[in-house]
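207 is the number that full-length UniProt numbering gives to position 207 of the sequence shown; each next residue is one higher, with no gaps. Take a look at the structure below.
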Amino acid sequence: MRIAVFGATGRTGRPLVDQALDRGHEVVAFVRNPTDLPSALRDDDRVSVIEGDAYGGDGVDRAIGGDDPVDAVVSVLGRRSESPDDLLTEAGRHVLAAMDRHGIERLVTLVGAGVREESESVSLGGKVMGSLLKLLARSTLEDAVDHVESVRASDARWTVVRGPRLTDGPHTGEFRHGTGLALGVRAAAARANVAEFVLDCLEEDLYVHEMPKVADA
1 MRIAVFGATG RTGRPLVDQA LDRGHEVVAF VRNPTDLPSA LRDDDRVSVI
51 EGDAYGGDGV DRAIGGDDPV DAVVSVLGRR SESPDDLLTE AGRHVLAAMD
101 RHGIERLVTL VGAGVREESE SVSLGGKVMG SLLKLLARST LEDAVDHVES
151 VRASDARWTV VRGPRLTDGP HTGEFRHGTG LALGVRAAAA RANVAEFVLD
201 CLEEDLYVHE MPKVADA
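What follows is the structure, encoded as structure tokens:
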């Protein structure tokens, strides 16, 4: 499978690219600065590096269509302190538009577990975390919610992976997932485990048009 990865140089993107290669895939790594990607990956024949700006849309079409169109798209973009408030929303719109132009259907995107479904039952811990997010990171949550609304309204075969607090812990391969997964206040997920789950969703076509949560076991 040939996979376009947006956020390839981020803390979740890096293990995702490494694991995708280990699993026999080709990767189109979308980056703002190619030097942020290790030289071993830049020199790997299985990795195509596309420099651009997902927020403004520059390079997005080349990453998805280009001379050798991808089979699937993954977005693990994360906001930094200097990022615009609507990063995920705007970048997601450019990605979805390019997918539509080139007939690419499969998308897996990562957001925080604070994004809820309308009929979702939320645990007490989840309600506490939701309240804290609205208080401390309202713009981040609103951006993720708007992004998910755009994804759900698209013609893509999408999966929205929702993660709790992400850590840089070791890749254990031991994690729970599900649309009804209850997450407590202390729930966390190693980024490398989230990367594995994202690839599982692609390879096994899991959770199409669903919003599973994932957390370390």
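Yeah, the Cβ is synthetic: ideal placement off N, Cα and C, and Gly gets one too.
According to the Cβ coordinates, are residue i and residue j closer than 9 Å?
i, j, result
"G112", "L141", "yes"
"R2", "D61", "no"
"T172", "L110", "no"
"A189", "A215", "yes"
"D143", "L88", "yes"
"H25", "A54", "no"
"V145", "M211", "no"
"A91", "I64", "no"
Which of the three DSSP states, helix, strand or coil, is assigned to residue i?
i, result
"H147", "helix"
"T159", "strand"
"L136", "Below a pLDDT of 50, predicted positions are generally treated as unreliable, and L136, at 47, falls in that range; no measurement from the model is reported."
"D26", "It should be noted that the sequence gives Glu, not Asp, for residue 26. E26: strand per DSSP, three-state reduction."
"E141", "Checking the displayed sequence, the identity of residue 141 turns out to be Leu instead of Glu. If DSSP states are grouped into helix, strand and coil, L141 belongs with the helices."
Should residue i go down as buried or exposed, given a rule of 16 or more other Cβ atoms within 10 Å for buried?
i, result
"G78", "buried"
"H209", "exposed"
Which residues mark the beginning and the end of the alpha helix (DSSP H) in which residue i is found?
i, result
"H102", "87-102"
"D18", "13-22"
"R186", "Taken as a continuous stretch (DSSP letters only), R186 belongs to no alpha helix (DSSP H), as it is neither H nor E."
Assuming residue i and residue j make a contact with CB atoms under 8 Å, what is their CB distance in whole Å?
i, j, result
"L96", "S39", "Contact doesn't hold; Cβ gap of about 32 Å is too wide."
Just curious, the beta strand (DSSP E) that residue i is in, first and last residue?
i, result
"V73", "72-75"
"D216", "213-216"
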